[in-house]
Amino acid sequence: MRFIFFLTLSLTLPSESYLIKPKYVLDVVTGQLTKLEVKVEDGIISEIGINLTSNGSEVLSLPNTIIMPGFIDTHVHLIGNNELNGYESVGESSYLATLYGVKNAEATLLAGFTTVRNVGASNYTDVALKSAINRGVIAGPRMYVSGPPLGITGGHCDNNLMPYERSRPNQGVVDSPWQARQKVRENRKFGADLIKFCATGGVMSKNTDVNAKQFTYEEMKAIVDEAHNHGMRVAAHAHGLEGIRTALLAGVDSIEHSSFINEEVTLLAIQNGAFLSMDIYVSDYILGEGAKKGILEESLEKERKVGLEQRKNFKKAVELGAKITFGTDAGIYKHGENAKQFAYMVEWGMSPLQAIQAATITGSELIGNNNLGKIKVGYVADIVGVNSNPLKDIRVLEDVSFVMKEGTVFKSQ
Ligand code: ARG
Numbered sequence: 294m295r296f297i298f299f300l301t302l303s304l305t306l307p308s309e310s311y312l313i314k315p316k317y318v319l320d321v322v323t324g325q326l327t328k329l330e331v332k333v334e335d336g337i338i339s340e341i342g343i344n345l346t347s348n349g350s351e352v353l354s355l356p357n358t359i360i361m362p363g364f365i366d367t368h369v370h371l372i373g374n375n376e377l378n379g380y381e382s383v384g385e386s387s388y389l390a391t392l393y394g395v396k397n398a399e400a401t402l403l404a405g406f407t408t409v410r411n412v413g414a415s416n417y418t419d420v421a422l423k424s425a426i427n428r429g430v431i432a433g434p435r436m437y438v439s440g441p442p443l444g445i446t447g448g449h450c451d452n453n454l455m456p457y458e459r460s461r462p463n464q465g466v467v468d469s470p471w472q473a474r475q476k477v478r479e480n481r482k483f484g485a486d487l488i489k490f491c492a493t494g495g496v497m498s499k500n501t502d503v504n505a506k507q508f509t510y511e512e513m514k515a516i517v518d519e520a521h522n523h524g525m526r527v528a529a530h531a532h533g534l535e536g537i538r539t540a541l542l543a544g545v546d547s548i549e550h551s552s553f554i555n556e557e558v559t560l561l562a563i564q565n566g567a568f569l570s571m572d573i574y575v576s577d578y579i580l581g582e583g584a585k586k587g588i589l590e591e592s593l594e595k596e597r598k599v600g601l602e603q604r605k606n607f608k609k610a611v612e613l614g615a616k617i618t619f620g621t622d623a624g625i626y627k628h629g630e631n632a633k634q635f636a637y638m639v640e641w642g643m644s645p646l647q648a649i650q651a652a653t654i655t656g657s658e659l660i661g662n663n664n665l666g667k668i669k670v671g672y673v674a675d676i677v678g679v680n681s682n683p684l685k686d687i688r689v690l691e692d693v694s695f696v697m698k699e700g701t702v703f704k705s706q
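Per my numbering, the very first residue in the sequence shown carries number 294; after that it's consecutive.
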């Protein structure tokens, strides 16, 4: 008789009840480190206090570990092999890309990112990956997914690599308000949680200008109106100022990248309650590794103009008090290295606590899930731990020793 062991079996078991006894709990609201115990039942934080009784729950003794809420990355691309760039990428099938997604999702979770927004994937492969994670078939973060991102013909969210006779528009390409509404409806129908669209050109796309606005105000307004009508949030990819401004006027919930944002438009974002998701680490990767990894020279050229300006504008946005989430664009670089961005956020003006808040409280606010981002009774038990104080050295977050998602332990060293 042959036995087949499923390595992932443990993932499908219902989560246990635990009494976690860490060194300290980091309160991400106040920055206080307190000696507390945390009880987790059915995936939810049920009690916080001292000298709690275990009452049959398993005691997780973590005497060297400081615990905090699991991290939220508001801008990732889990689907696909991140090593493929430019023309290499057009040969990857959706099936293969999704299998890479399985591996990428696991790496992301084990790095302490218990929730992500996946902003852009074709064929609803993101919906499939999310379903497999939710069913406990594979290990990965809680995913909020957009499906195919909306964009104009020839824009950043189209595929511009092929000549006319070999070209097919990307699935989210639309060129009028009504086409845009239809696409929002279609994305919702097939399982998208949020809508992503491209409001300007981009770095990694061929023949697009990061400063050029893509979509008219009317088109953006139609997207936002339709999405909000269905209770879906809207994320706009935008580097150039006019695209950012127009997207904000149209009512988007977040601006992704926000590279050339100025003071006036940052204030507009604040006034509108919109979030900025600024991927200020990835530039070092693109300029450092990009040429070796096959990123098109055209993209490297654009990145040289974007990277530093984006960091300076991030700093100003921090000073102005903008709501900034932790969004990395992991997928351009290796999944699981998301936390590298923390140190950049601190270098460019945030306190370590503010950087952690961006990846917890602010991320949950943008996603619209009020039960994530804090270690608090009634909240989802997404908990990560490190073995020294991140408020003293933020880089310790690059190496988490403990990961729990919804009451299931995925890593404990
Ligand atoms: N996906 C983005 C684009 O292609 C990446 C931008 C990366 N650069 C940066 N400095 N954030 O436009």
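Quick reminder that beta carbons are idealized off the backbone N, C-alpha and C, glycines included.
Since the structure is predicted, the reported quantities are computational estimates derived from the model, not experimental observations.
Query raised in the report: Helix, strand or coil: which one does DSSP assign to E309?
Result: For the purposes of this step, residue 309 is taken as the residue at position 16 of the sequence shown. If DSSP states are grouped into helix, strand and coil, E309 belongs with coil.
**Prompt:** With I426 and A398 assumed to form a contact (beta carbons below 8 Å), what rounded beta-carbon distance in angstroms separates them?
**Reply:** Counting from 1 along the sequence shown, the entry for residue 426 is found at position 133. Counting from 1 along the sequence shown, the entry for residue 398 is found at position 105. About 6 Å; that satisfies the 8 Å criterion.
N663 versus T653 - alpha carbon distance: As a working mapping, residue 663 is identified with position 370 in the sequence shown. As a working mapping, residue 653 is identified with position 360 in the sequence shown. The straight-line gap from Cα to Cα measures roughly 11 Å.
Heavy atom of ligand 1 less than 8 Å from the Cβ of G495, yes or no?
In the sequence shown, residue 495 corresponds to position 202, counting from 1. The beta carbon of G495 sits closer than 8 Å to at least one heavy atom of ligand 1.
For R435, count neighbouring Cβ atoms within 10 angstroms of its own Cβ and tell me buried if that reaches 16, exposed if not. By one-based count along the sequence shown, residue 435 stands at place 142. Label assigned to R435: buried.
Residues in the same chain with beta-carbon distance under 6 Å from L326, minus the five sequence neighbours each way, listed in chain order, please. For the purposes of this step, residue 326 is taken as the residue at position 33 of the sequence shown. Taken in chain order, the residues that qualify are Y317 and L319.
Given a cut-off of 9 Å on the beta-carbon distance, is the pair G533 and G583 in contact?
One-based indexing of the sequence shown puts residue 533 at position 240. One-based indexing of the sequence shown puts residue 583 at position 290. Result no, Cβ atoms of G533 and G583 do not sit closer than 9 Å.
So if DSSP puts V322 in a beta bridge, which residue, or which two residues, is it bridged to?
By one-based count along the sequence shown, residue 322 stands at place 29. The partner list for V322 (beta bridge, DSSP) is empty, contrary to what the question assumes.
* To do: Enumerate, from N- to C-terminal direction, the unbroken beta strand (DSSP E) stretches of 3 or more residues contained entirely within the stretch 315–364.
  => 330–334, 337–342 and 351–362
query: According to DSSP, is L389 helix, strand or coil?
result: Taking the first residue of the sequence shown as position 1, residue 389 is located at position 96. Looking at L389 - three-state DSSP - the assignment turns out to be helix.
Can you find a heavy atom of ligand 1 that lies under 8 Å from the Cβ of Q464?
-> Residue numbering aside, residue 464 sits at position 171 when the sequence shown is read from its first letter. Q464: no, Cβ never under 8 Å from ligand 1.
Given 8 Å as the limit, tell me if S310 has its C-beta closer than that to any heavy atom belonging to ligand 1. Taking the sequence shown and counting its residues from 1, the one referred to as residue 310 is at position 17. No, ligand 1 has no heavy atom inside 8 Å of this Cβ.
**Message:** Here's the rule: buried if 16 or more other CB atoms are within 10 angstroms of the residue's CB, otherwise exposed. What is R461?
**Reply:** Here the question's residue 461 lines up with position 168 in the sequence shown. The Cβ neighbour count for R461, taken over all protein chains shown within 10 Å, is under 16; the residue is labelled exposed.
Q) Where I579 and G324 are concerned, what is the direct C-alpha to C-alpha distance, given to the nearest angstrom? A) Indexing the sequence shown from 1 puts residue 579 at position 286. Indexing the sequence shown from 1 puts residue 324 at position 31. The alpha-carbon atoms of I579 and G324 are separated by roughly 33 Å.
- Task: For G600, verify whether its CB is less than 8 Å away from any heavy atom of ligand 1.
- Result: In the sequence shown, the residue the question calls residue 600 occupies position 307. Yes.
- What's the gap between the Cα of I537 and the Cα of G342? The residue you call residue 537 lines up with position 244 of the sequence shown. The residue you call residue 342 lines up with position 49 of the sequence shown. Taken atom to atom, the span from the alpha-carbon of I537 to that of G342 is near 45 Å.
Practice problem: Please classify R478: does DSSP put it in a helix, a strand, or coil? | Solution: Locating residue 478 in the sequence shown gives position 185, counting from the first residue. Helix at R478.
**Asked** So which of V333, L392 and E330 has the shortest CA-CA distance to V430?
**Response** On the sequence shown, position 137 is the one that residue 430 refers to. Relative to the Cα of V430, the nearest Cα in the group V333, L392 and E330 belongs to L392.
Practice problem: Report the option in L589, S570 and Q472 whose CA atom is closest to the CA atom of N500. | Solution: Residue mapping note: residue 500 aligns to position 207 of the sequence shown, counting from 1. Of L589, S570 and Q472, the residue nearest in Cα terms is L589.
Original post:
For E596, is the beta carbon positioned less than 8 Å from some heavy atom of ligand 1?
Top reply: Within the sequence shown, residue 596 is the residue found at index 303, counting from 1. Yes, the Cβ of E596 comes within 8 Å of a heavy atom of ligand 1.
**DSSP state of F607 mapped onto helix, strand, coil** = The residue you call residue 607 lines up with position 314 of the sequence shown. In this structure, F607 counts as helix in the three-state DSSP scheme.
- request: Could you name the residues of the same chain whose beta carbon sits closer than 6 Å to that of D692, not counting the 5 residues immediately before and after it, in chain order?
  value: Here residue 692 refers to the residue found at position 399 when the sequence shown is read from its first residue. Excluding positions up to five away in sequence, the list is empty.
| said: Using only the alpha-carbon positions, how far apart do T301 and R688 sit? | reply: Taking the first residue of the sequence shown as position 1, residue 301 is located at position 8. Taking the first residue of the sequence shown as position 1, residue 688 is located at position 395. With a pLDDT of 45 at T301, under the threshold of 50, the modelled position of this residue cannot be trusted; read the value that follows with caution. Approximately 30 Å between the Cα atoms of the pair.
Comparing alpha-carbon positions, which option in T401, I625, C491 and A529 lies nearest G581?
-> For the purposes of this step, residue 581 is identified with residue 288 of the sequence shown, where counting begins at 1. Selection T401, I625, C491 and A529 evaluated against G581 yields I625 as nearest (Cα-Cα).
_Just verifying my parser: in three-state terms, what is the DSSP assignment at N427?_
Working through the sequence shown from its first residue, we reach residue 427 at position 134. Here N427 sits in helix by DSSP.
N- and C-terminal bounds of the beta strand (DSSP E) containing N280: Lying before the first or after the last residue shown, residue 280 is absent from the chain, which here runs from 294 to 706.
Mind checking which residues open and close the beta strand (DSSP E) that includes A528?
Position 235 of the sequence shown holds residue 528. Start and end: R526 to A531.
For a test of the three-state rule: what should DSSP assign to Y366, helix, strand or coil? The residue given as residue 366 occupies position 73 in the sequence shown. It is Asp, not Tyr, that sits at residue 366 in the sequence shown. In the structure shown, the three-state DSSP call for D366 is strand.
Helix, strand or coil at M513 [DSSP, three-state]
Along the sequence shown, one-based indexing puts residue 513 at 220. M513: helix per DSSP, three-state reduction.
(request) List the endpoints of the continuous alpha helix (DSSP H) containing K633. (result) Position 340 of the sequence shown holds residue 633. Counting along the chain, the alpha helix (DSSP H) containing K633 begins and ends at K633 to E640.
Going by DSSP in three states, H521 sits in which element: helix, strand or coil? Translated into the one-based positions of the sequence shown, residue 521 becomes position 228. Correct three-state label for H521: helix.
_Taking 8 Å as the cut-off, is the C-beta of D451 nearer than that to any heavy atom in ligand 1?_
Counting from 1 along the sequence shown, the entry for residue 451 is found at position 158. Not under cutoff, so the answer is no.
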